Structure formats: structure tokens, C-alpha cells
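*Asks:*
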Amino acid sequence: MSVADALWRFPSAMMAWRNLGRNRMRTALAALGIVIGVVAISSLGMAGVALQQQATSNLGSLTNQVSVSAGQDSDYDGVTEDQVEEIRSIITDAEVIPQKSNSTTVSSRGQEAYVSVTGVTNAAALYDVTSGEAPERLQTGALISNSTARELGLELGDPVEYDGQLYRITGLIDSGSGFGPGGGRGELVIPISGLADQEHYDSVTIIAADGDAATEISETLDEHFNTDGRDEEEILRVSSYASAQENINSFLNTLQLALLGIGGISLVVASVAILNVMLMSTVERRGEIGVLRAVGIRRGEVLRMILTEATFLGTLGGLVGAGCSLVVGAVMFQLVVGDPTGVLQWASARYLLYGFAFAVFASVLSGIYPAWKAANDSPVEALRG
Amino acid sequence: MSVIELDDVVKRYESGAQTVTALKGVDFHADRGEMVTIIGPSGSGKSTMLNMIGLLDTPTEGTVHLDGRNVTGFTEDELTEERRTTLGFVFQDFHLLPMLSAVENVELPSVWDTSVDRRDRAIDLLKRVGLGDRLDHTPDELSGGQQQRVAIARSLINGPDILLMDEPTGNLDQDTGRTILEEVTRLKEEENIAVVAVTHDEQMLDYTDRTVRIVDGVIQS
Ligand SMILES: Nc1ncnc2c1ncn2[C@@H]1O[C@H](COP(=O)(O)OP(=O)(O)OP(=O)(O)O)[C@@H](O)[C@H]1O
Ligand SMILES: [Mg+2]
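Here is the structure:
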């Protein structure tokens, strides 16, 4: 009783609520149309986000890296010490990490494994260890990939040999993930002094703050080293993964737009269903609305009452739809990214909001015509039936 | 002074090539505390005339005065305002809203106004028509006579000057019709309102102060 009393303060809301309650089946079916529309629009939107995150995580942390190696017009077979110093002098706000690389066969306890060897000083910036540690100045120890360690039965503290020199394993790293150098092959990381017989650096990795900064750095370096007057030449090959990321992103954005378009169409279908339901129910109630008008209820109030009905339908369908989409989204994130809570991030959760907002908007829009028609019907005609 | 007055009102309906003249120059008035009954054969223009008096429809020619004010040129929104504040309606088939309780139905015409005591007034009106124990019943839980009494209470919620009834006893049996008419007569005196009724019901003439006869859109006598 008190709830109804409170609702009477908002007569449009009260009347709308009671009217929807009169034909529950019809209300439920109309709302179901909206639910399906919202689920379509939100879950397709979230699918796009999940795919994007999966692609990004495959590229790994590489997107903020710039890789420099000797270009085809270089006089040397690598990046020289002088060039490294030059890079350092131009790029002051990013880590510049020169590396030498080779490959070798590592053996232990009768087992052998073919690994790529990287000589680097700042191992901490380049590698994430799964156990042990990667020192900022690698001088005596070594890092080895998990898979190789497992293959050879090596553990932290065990020695490995390269070029007649023994190194103690200080950390284990993940390998084979992402598109990084070495691909699926095992990797051995040793101090740069271990590769002293190679005069030049094979590559220089520059770690920028983010993808945009990486792109900027690669452009700066390209311009500095590879432009001689008006001629283009390639002294240094400068590449960043940011552009790969951009390509993938633009593809995914297109995909997402297409998915949202499909979702949008289903919501348009749903609003046509609402239009139909609202039109039917106002035609059925023509006499009743005539009575309202006869006893002095204003046209605007009749209009508001019917628009409120449409709004309630949209809100109801939108809420249920958002709830269902949340479940669908969590399942999707579990399958694609492997983490159902990913759905709660704003990047994907916002599609729940978009779906809900679109549902309410579409419902109100489809309520306008029936409401206008009912409000402007002549009371005499309406009462005659 | 008459609370409602029609002067030389003509109402024509144009439907395609045909033109029906439902009212052919009708003069009419009603005073406070008076019950006027309009009688006449079917299709003679009774309902059309009541729609003019009730400001539900506008005349093709002629003028309508409400409380001495000429309301002939009023817009639909102004007429709606007059209907809410000055007029009460009772229909042959009650026309209560099925999803609202008795007391909510009575409140309905005032519910979009923010007056504070309308719930009390609605309960008071229902008590006065003998339905004090049926406040929360919905129309389908009420008999025809009870529904018509709810409709009468609804017509009085805004304190009208005129009560309009189109065949109020048309769907009721004789005895129920009689109690409804007694109710209306009592309320007419208590509230000092004009009652204008259209009927085929002979017994209504026992309660009326004045009878107006219309035949083919023309007032007789
Ligand atoms: N909207 C309309 N369009 C065309 N003709 C109409 C319209 N409304 C009423 N009429 C005509 O006007 C005349 C008077 O109709 P009205 O409804 O006033 O009669 P009535 O006296 O109330 O009859 P009843 O006793 O059967 O209710 C009839 O000939 C009717 O056909
Ligand atoms: Mg009639």
C-alpha cells in the first residue's frame, strides 16, 4: 500500500507500471526482444575487446620496443660501438641495449640442446625471469630458457658452458612466447664479454615508454641514420612492433564495427517489436484513454504515461539483457583470454552500458509515435469506440 | 445565471460526400441545483448535444458559455482544463480503469495535480456513495451498480459545477438504477451542482427537475 502511495506521486510511472502488469505475457515478450538485442550488441562488442586483448598479449611487451640492426647500405656487418654511442646521444629518454648474438649447442648429462645465444649487459630490461633473477649488469652469470633447462635437467646455480667459458645460471626465463627473436627455440643469455670475438653488435634494442614513443624513436633514428642529403639509404635497419600492433588494431576495429553493426540491427528489430506492442496496446486501450482525456487528463500527461511505459519496457529489457551479456562476456573472456574477470574492465564493460543505453533510447523512440497518436486522439471518437 | 448555456448550436458531421447535421440550432441551459434530462429517439442527437455541453466536442456553429464565459474558441488544452475543473462525467458502461482500485479510480482525474488531500476526499466520496468498505477493490470485484457509484464518486473528485451523465442507468437493473438516481439527487443538492443526463429510462423522469426533448437535432416544446 505504501509503495503504491509513493508511486502515486509519479502518476505517469504508476499508470505505466500498472498497464504493463495487465498483460504480462505481452510485456515479457516485448522485453525479450530488447534482451536479445542488448545481448547481441554487448556481447559482440565485448568479443571484439577480447580478441583485441588476445592479439595484444600475443605481441607481448614488444610493442614498446624498437629494434636496430645493420642495414644493407652499411659498411659493417653489425652496429658499431660508435653508432651505439650516437644512438645513445640522440635517444636520451629510453633504455638503449646493444646485443650480440650467436647460436650454439649446449650439452649437459649427455643431453644436447640447440639454443640461440644472446650477449647483453642489461639483462633485467630485456628479460622477465620466472625464477631466480635477471641482473641489470650481467657480468658472470647466465639466463636460460625454462624449456631448455627442463630438457637438459639444469637448475638455478648449475653451470653452462659457452665458448670454453662456464657461466652459473642465475635465472630462468620464459621462451617461445610472442614473436620475439629466437621464436620457439631455447635461449641462453650471457654477459656481453662472452661474445667479445664478435666486433660489432648484432642488434640494439631500445625500450620506450609505450608504443607511440617507440614509433617516434624509430622515425627519429631512421631520419638520422638513413637520410644522406636527399638520398634514402639504409645504414641501419630500424623496426618497431608498434606498426604491427597498429595494423592489427585497425583490423580489429573494423571487425568490431561490423560486429556492432550486426548487434545494432538486432536492436532495430527489437524496437520495431516494441513499436508494434505499444501500438497494439494503445489501440486496445483507446476507450480508456478517451476516458482519461474526458475527465481532464491533459494530452501531455497521456503522452508521458505511454512514453513511460516504453521506457520501463526498455529499462527492464536493458537490465536483463545487460545481466545476460555479462555472463556471456565472462564465458567469452574465459575462452579467448583465459580470464573471465577481464569482462569487468571498462574497455569491455562499457558495451554493457552502451547496450543498455541503446535499449532505453530505442524503446523511447518507438514509444513516441503510439504515445503521440493516443494523446491526440479525439476523446469523442475514442469513447464511441 | 446558468452554469452552462448553448446558443443556436449546429453540429455537422462530414463523412465523405455525405453531410449529417446532428444538431440544427439547439438552445439549452442548465442551472445549479437543477437536474435536466434530455430525451428523444435514437439518433436524434442526444449524445452529440451532451458532448457539446461537456466540452468534448466543438460546435460547427453557435456558442457555448460556461459559467458566463464564452468557451467556443478555446483550444483543446484549454477545454481539457475546463473539463477537469468544472465538469464531471458518468458513462453508460462506467469506464473505470481495470488495473486501478476503487479509490485510485476516484482519484484519477486529480492525480496529475499535486493537491495534498485528494486521497482523503476520494475516500470521503466513496463513503458517501456507500462504498466505504470497497476502497481497495478493483472494478472486476464490484457489481455494475457499485462500479457506477465509483464512477459518480470519480466525477465529483475535482468539485465540478456540472455533472454529465450519458445513460447512467442503461446497464443497470431497475432497483440499482433507482438507488443510483437517489444518490445523484442527494449529491446534486449537497454540492449544489447542475446535472444534465441523457436517458431512455422512464424512471429517471421521477428524479428530474426539467425535461428537454430533442427530435432529429431540434429541441421540441
Ligand atoms: N462522428 C460522427 N460522424 C458522423 N455522424 C455522426 C457522428 N456522431 C454522430 N453522428 C450522427 O449524428 C446523429 C446523432 O447521433 P447521436 O449519437 O447524438 O444520437 P443519440 O441521440 O445519442 O442516439 P442514441 O440514443 O442511439 O445514443 C446520428 O444520425 C449519428 O449517426
Ligand atoms: Mg447516444
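Protein sequences appear in the order of chains X and W.
Per this note's numbering, residue 1 is the first one in the first sequence, and the count goes up by one each step.
Per this note's numbering, residue 1001 is the first one in the second sequence, and the count goes up by one each step.
For each residue, glycine too, the CB sits at the ideal point set by N, CA and C.
Note that the structure is predicted; figures quoted are calculated from it, not measured.
Is any beta-carbon of chain W found at less than 8 Å from that of Ile297 (chain X)?
*Replies:* Here residue 297 (chain X) is taken as the residue at index 297 of the first sequence, counted from 1. By this cut-off, Ile297 (chain X) is an interface position.
*Asks:* Relative to the C-alpha of Gly264 (chain X), which candidate in X:Gly45, X:Thr170, X:Ser12 and X:Tyr127 has its C-alpha closest?
*Replies:* Translated into positions along the first sequence, residue 264 (chain X) becomes position 264. For the residues X:Gly45, X:Thr170, X:Ser12 and X:Tyr127, the minimum Cα distance to Gly264 (chain X) belongs to X:Gly45.
*Asks:* If the cut-off is 8 Å on Cβ atoms, which residues from the segment 1048–1065 of chain W count as contacting chain X, listed in chain order?
*Replies:* Asn1051, Gly1054, Leu1056 and Asp1057
*Asks:* Relative to the C-alpha of Leu1023 (chain W), which residue among W:Lys1046, W:Glu1005, W:Met1001 and W:Ile1039 is closest?
*Replies:* Here residue 1023 (chain W) refers to the residue found at position 23 of the second sequence. Closest option to Leu1023 (chain W), Cα to Cα, is W:Lys1046.
*Asks:* Where Gly157 (chain X) and Thr170 (chain X) are concerned, what is the direct C-alpha to C-alpha distance, given to the nearest angstrom?
*Replies:* The count along the first sequence starts at 1 and reaches residue 157 (chain X) at position 157. The count along the first sequence starts at 1 and reaches residue 170 (chain X) at position 170. The alpha-carbon atoms of Gly157 (chain X) and Thr170 (chain X) are separated by roughly 6 Å.
*Asks:* Could you have a look at Gly178 (chain X) and say whether DSSP puts it in helix, strand or coil?
*Replies:* What you label residue 178 (chain X) is simply residue 178 of the first sequence in a count that begins at 1. Reliability fails at Gly178 (chain X), whose pLDDT of 39 lies under 50, so the model's placement of it is uncertain and the value that follows must be treated cautiously. Three-state result, Gly178 (chain X): coil.
*Asks:* For Asp1140 (chain W), which residues in chain X fall below 7 Å Cβ to Cβ?
*Replies:* For the purposes of this step, residue 1140 (chain W) is identified with residue 140 of the second sequence, where counting begins at 1. Correct list: empty, because the minimum Cβ distance to chain X is about 12 Å.
*Asks:* Out of curiosity, what's the CA-to-CA distance linking Gly180 (chain X) and Gly164 (chain X)?
*Replies:* Looking up residue 180 (chain X) in the first sequence gives position 180. Looking up residue 164 (chain X) in the first sequence gives position 164. Residue placement at Gly180 (chain X) cannot be trusted, given a pLDDT of 47 that sits under 50; the coordinates are not used to answer.
*Asks:* If the criterion is Cβ atoms closer than 8 Å, does the pair Val268 (chain X) and Ala374 (chain X) meet it?
*Replies:* As a first step, residue 268 (chain X) is located in the first sequence; it is residue number 268 there, counting from the start. As a first step, residue 374 (chain X) is located in the first sequence; it is residue number 374 there, counting from the start. Contact: no.
*Asks:* Tell me the rounded alpha-carbon separation between Thr1058 (chain W) and Pro379 (chain X).
*Replies:* Looking up residue 1058 (chain W) in the second sequence gives position 58. Looking up residue 379 (chain X) in the first sequence gives position 379. Whole-angstrom Cα-Cα distance: 12 Å.
*Asks:* Quick check: the Cα distance between Val1036 (chain W) and Ala1153 (chain W), rounded to an integer number of angstroms?
*Replies:* Translated into the one-based positions of the second sequence, residue 1036 (chain W) becomes position 36. Translated into the one-based positions of the second sequence, residue 1153 (chain W) becomes position 153. Answer to the nearest angstrom: the Cα atoms are 20 Å apart.
*Asks:* Could you pull out every residue in the same chain whose Cβ sits closer than 8 Å to the Cβ of Gly321 (chain X), ignoring the five residues on either side in sequence?
*Replies:* By 1-based counting over the first sequence, the position of residue 321 (chain X) is 321. Taken in chain order, the residues that qualify are Ile34, Val35, Ile36, Gly37, Val38, Val39, Ser42, Gly355, Phe356 and Ala359.
*Asks:* Could you tell me the distance, in whole angstroms, from the CA atom of Ser1044 (chain W) to the CA atom of Gly314 (chain X)?
*Replies:* Numbered from its first residue, the second sequence carries residue 1044 (chain W) at position 44. Numbered from its first residue, the first sequence carries residue 314 (chain X) at position 314. A straight line joining the alpha-carbon of Ser1044 (chain W) with that of Gly314 (chain X) spans about 48 Å.
*Asks:* Would the C-beta of Lys1046 (chain W) count as close to ligand 1, meaning under 7 Å from any of its heavy atoms?
*Replies:* Indexing the second sequence from 1 puts residue 1046 (chain W) at position 46. Yes, ligand 1 has a heavy atom inside 7 Å of this Cβ.
*Asks:* Do Val1020 (chain W) and ligand 1 come close, with the Cβ less than 7 Å from some heavy atom?
*Replies:* As a working mapping, residue 1020 (chain W) is identified with position 20 in the second sequence. The answer is yes for Val1020 (chain W).
*Asks:* Closer than 8 Å by C-beta to Ala113 (chain X): which residues in its own chain qualify, once you throw out the five before and the five after it? Chain order, please.
*Replies:* For the purposes of this step, residue 113 (chain X) is taken as the residue at position 113 of the first sequence. Excluding residues within five positions, the ones whose Cβ falls inside 8 Å are Thr105, Val106, Ser107, Thr148, Glu151, Leu152 and Gly186.
*Asks:* Between which residues of its own chain and Arg237 (chain X) is the CB-CB distance below 6 Å, once the five residues before and five after are set aside?
*Replies:* The residue given as residue 237 (chain X) occupies position 237 in the first sequence. So the list reads Ser69 and Gly71, once near-sequence residues are dropped.
*Asks:* Specify the secondary structure class of Gln54 (chain X) as computed by DSSP and reduced to three states.
*Replies:* Position 54 of the first sequence, counting from 1, holds the residue named residue 54 (chain X). Of the three classes helix, strand and coil, the one that applies to Gln54 (chain X) here is helix, per DSSP.
*Asks:* Just verifying my parser: in three-state terms, what is the DSSP assignment at Trp302 (chain X)?
*Replies:* Along the first sequence, one-based indexing puts residue 302 (chain X) at 302. Looking at the sequence shown, residue 302 (chain X) is not Trp but Val. Correct three-state label for Val302 (chain X): helix.
*Asks:* Might you give, ordered along the chain, the residues of its own chain that have their beta carbon closer than 7 Å to the beta carbon of Thr1211 (chain W), omitting 5 neighbours on each side?
*Replies:* As a working note, residue 1211 (chain W) is residue 211 in the second sequence. Excluding positions up to five away in sequence, the list reads Thr1037, Ile1039 and Leu1205.
*Asks:* Got a sec? Which residues, its chain only, sit under 8 Å from Ala209 (chain X) by beta carbon, not counting five neighbours each side?
*Replies:* Counted from its first residue, the first sequence places residue 209 (chain X) at position 209. Around Ala209 (chain X): Asn64, Asp93 and Ala94.
*Asks:* Hey, is the segment 1084–1101 of chain W in contact with the segment 16–28 of chain X, meaning 3+ C-beta pairs nearer than 8 Å?
*Replies:* yes
*Asks:* Can you tell me where the beta strand (DSSP E) with Asp1027 (chain W) in it begins and where it stops?
*Replies:* Within the second sequence, residue 1027 (chain W) is the residue found at index 27, counting from 1. For Asp1027 (chain W), the enclosing beta strand (DSSP E) stretches over residues Gln1018 to Ala1030.
*Asks:* Cα-Cα, which of X:Arg26, X:Ala55 and X:Met305 is closest to Leu252 (chain X)?
*Replies:* One-based indexing of the first sequence puts residue 252 (chain X) at position 252. Per the Cα distances, X:Ala55.
*Asks:* Residues in its own chain within less than 8 Å of Arg1032 (chain W) by CB, not counting five upstream and five downstream?
*Replies:* Taking the second sequence and counting its residues from 1, the one referred to as residue 1032 (chain W) is at position 32. Closer than 8 Å at the Cβ level, and outside the excluded window around Arg1032 (chain W), lie Val1003, Asp1161, Asn1192, Ile1193 and Ala1194.
*Asks:* Would you mind sorting Glu155 (chain X) into buried or exposed? The rule is 16 or more other CB atoms within 10 Å of its CB.
*Replies:* Position 155 of the first sequence, counted from the start, is the residue given in the question as residue 155 (chain X). By the 10 Å Cβ count, Glu155 (chain X) comes out exposed.
*Asks:* Is the CB of Arg293 (chain X) under 8 Å away from at least one CB in chain W?
*Replies:* Position 293 of the first sequence, counted from the first residue, corresponds to residue 293 (chain X). So, interface residue.
*Asks:* Output the boundary residues of the beta strand (DSSP E) element that contains Asp1077 (chain W).
*Replies:* Start at 1 with the first residue of the second sequence, and residue 1077 (chain W) comes out as number 77. Element bounds for Asp1077 (chain W): not the beta strand (DSSP E) but the alpha helix (DSSP H), Glu1076 to Thr1086.
*Asks:* Give the DSSP-derived three-state secondary structure of Gln165 (chain X) in the structure shown.
*Replies:* Sequence index remark: in the first sequence, residue 165 (chain X) carries index 165 (1-based). Gln165 (chain X) falls in the strand class under three-state DSSP.
*Asks:* According to a CB-to-CB cut-off of less than 8 Å, which residues of the segment 1092–1103 of chain W neighbour chain C?
*Replies:* The displayed structure is made up of protein chains X and W, and chain C is not among them.
*Asks:* Consider the Cβ of Glu284 (chain X): report whether some Cβ of chain W lies at a distance smaller than 8 Å.
*Replies:* Here residue 284 (chain X) is taken as the residue at index 284 of the first sequence, counted from 1. No, Glu284 (chain X) does not count as interfacial toward chain W.
*Asks:* Quick one, which residues of the segment 1110–1136 of chain W are near chain X if we go by CB-CB under 7 Å, in chain order?
*Replies:* Val1111 and Trp1112
*Asks:* For Glu301 (chain X), return the contacting residues in chain W, with the cut-off set at a CB-CB distance below 7 Å.
*Replies:* The residue you call residue 301 (chain X) lines up with position 301 of the first sequence. Within chain W, the residues near Glu301 (chain X) are Trp1112.
*Asks:* Residue ranges of each beta strand (DSSP E) run of no fewer than 3 residues wholly in the segment 240–291 of chain X, ordered along the chain?
*Replies:* none
*Asks:* Given a limit of 8 Å on CB to CB distance, which residues of the segment 374–385 of chain X reach chain W?
*Replies:* Those residues of the segment 374–385 of chain X that come within reach of chain W (Cβ to Cβ, closer than 8 Å) are Ser378, Pro379, Val380 and Leu383.
*Asks:* Output needed for Pro159 (chain X): all residues of its chain with C-beta closer than 7 Å, excluding positions within five of it in sequence on either side, in chain order.
*Replies:* As a first step, residue 159 (chain X) must be located in the first sequence, where it is residue number 159. Hits under 7 Å: Leu166, Tyr167 and Arg168.
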